[in-house]
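One rule links them: number in the working numbering = place in the sequence shown (from 1) + 333.
Structure record follows, encoded as structure tokens.
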Amino acid sequence: ARLAAALAVALIAAPLAGHAADDIQERTLKFGYSTFEAHPLGQGANKFVALVDEKSGGKIKMKVYPATQLGSETQTISATQGGVQDIVGTSTAPIVGLVKEYAIFDLPFLLANEKQADSLVDGPVGQALLAKLQDKNLVGLCFFENGFRNVTNSKHPINTAEDVSGLKIRVMQNPVYIDAFKMLGANAVPMPWPEVYTALESGAIDAQENPFGIIYVNKLNEVQKYVSVTKHAYSPWAVMMSKKLWDKLSPTEQKIFMDSCNEAKLYQRQVSRAEDAKIIAELKARGMQINEPTPAQLAELKAKMQPVIAKYSETLGADLVKQAQDSI
Ligand code: EAX
Numbered sequence: 334a335r336l337a338a339a340l341a342v343a344l345i346a347a348p349l350a351g352h353a354a355d356d357i358q359e360r361t362l363k364f365g366y367s368t369f370e371a372h373p374l375g376q377g378a379n380k381f382v383a384l385v386d387e388k389s390g391g392k393i394k395m396k397v398y399p400a401t402q403l404g405s406e407t408q409t410i411s412a413t414q415g416g417v418q419d420i421v422g423t424s425t426a427p428i429v430g431l432v433k434e435y436a437i438f439d440l441p442f443l444l445a446n447e448k449q450a451d452s453l454v455d456g457p458v459g460q461a462l463l464a465k466l467q468d469k470n471l472v473g474l475c476f477f478e479n480g481f482r483n484v485t486n487s488k489h490p491i492n493t494a495e496d497v498s499g500l501k502i503r504v505m506q507n508p509v510y511i512d513a514f515k516m517l518g519a520n521a522v523p524m525p526w527p528e529v530y531t532a533l534e535s536g537a538i539d540a541q542e543n544p545f546g547i548i549y550v551n552k553l554n555e556v557q558k559y560v561s562v563t564k565h566a567y568s569p570w571a572v573m574m575s576k577k578l579w580d581k582l583s584p585t586e587q588k589i590f591m592d593s594c595n596e597a598k599l600y601q602r603q604v605s606r607a608e609d610a611k612i613i614a615e616l617k618a619r620g621m622q623i624n625e626p627t628p629a630q631l632a633e634l635k636a637k638m639q640p641v642i643a644k645y646s647e648t649l650g651a652d653l654v655k656q657a658q659d660s661i
């Protein structure tokens, strides 16, 4: 009887084990993104890779291609749509060219702190936006964070709109950013990230805006003197998979990717937030001058950018804007 019981267990267990093994295939995937591996985004990417490896029993490997090795953000998004690249991580701003509702994240001064950012991206608005990528041959897995954006420039500290007026500032390829900086009187130039350092170095542009982490790993202190802590917008960073690949995955594999991304994002955001204080000290040591506009000055900048929110409330729908405001 004992033998029979053992056999029964073996018979039940064997097909289950076989099924599970077939469910995960050996794969080597390409994961490209724009920033450096040492950046908190790169650290989050490595965490994601390690979790997928672990949860797949070592069967699914992802090779990372940091630092725009596979191209700019818009180029790598296209490659992922076409299935040439398997996974891509980018700031959400360039996604607006595909799914216009992503502009909701770019509305100036929408978010005041990281708690609000998490509520927005992990709540119904963010999750609906991830789902919307399916129509564009992409599967949105989760959001990491690039972070709150600050303006750097080569001329003077920025506290007021007059300080921004006349500056030639590089912005991401996104209409909300172009409009927002135009409201302050700047000459806003959309430009892919890989061209920015050289353009700052040659003086073709005076200014750019990015979170502290990007300023630091790209050594913008070599070509920019001033950082002004404007926190005028928050950049989420979307981790997306080619839908062509996703459709070939078993449900087990799909779950591994979703679970790993959602686990990695918590780690990534924690690293991102912990590093900011260290980076500020290091940028000062490298000779950058860092200033913080007063709350009244920030309120004035926000008021100047208000027409942008009104404009996009029309194109995106007042409902979506309200839903975003309510969820934070
Ligand atoms: O994805 O283009 C940008 O300014 C982005 O923030 C940066 O490349 C990180």
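For every residue, glycine included, the Cβ atom is placed at its ideal position computed from N, Cα and C.
Just so you know, these numbers come straight off a predicted model, no measurement behind them.
Reduced DSSP secondary structure (H/G/I, E/B, other) of Gln-557: coil
Anticipated Cβ contact below 8 Å, Ala-375 with Val-421, distance rounded: Going by the sequence as given, residue 375 is Gly instead of Ala. Contact flag wrong, Cβ pair sits at about 14 Å.
Strand pairing of Ser-424, partner residues [DSSP]: Under DSSP, the beta-bridge partners assigned to Ser-424 are Trp-570.
When Asp-419, Glu-647 and Ser-367 are compared against Trp-526, the one with the closest alpha-carbon: Ser-367
For Ala-426 and Ala-651, the rounded distance between their alpha carbons: 20 Å
Three-way DSSP call (helix, strand, coil) for Phe-364 in this model: Of the three classes helix, strand and coil, the one that applies to Phe-364 here is strand, per DSSP.
Beta-bridge partners of Thr-485, as assigned by DSSP: Gln-541 and Val-560
Host beta strand (DSSP E) of Met-516 (start-end): That residue, Met-516, is in no beta strand (DSSP E); its alpha helix (DSSP H) goes 508–516.
DSSP three-state assignment for Arg-619, whether helix, strand or coil: coil
Per DSSP, cross-strand counterpart(s) of Ala-607: Per DSSP, none; premise fails for Ala-607.
Proximity below 8 Å, CB of Tyr-510 to CB of Ala-519: no
For Ile-437, the first and last residue of its enclosing beta strand (DSSP E): Neither: Ile-437 is in no beta strand (DSSP E) and is coded neither H nor E.
Backbone secondary structure at Phe-590 - three-state DSSP: helix
Delimiting residues of the alpha helix (DSSP H) encompassing Ala-532: 529–535
Neighbourhood of Glu-578 by C-beta distance below 6 Å, restricted to the same chain and skipping five residues each side: Here residue 578 turns out to be Leu, not Glu, going by the sequence shown. Cβ within range, chain order: Asp-419.
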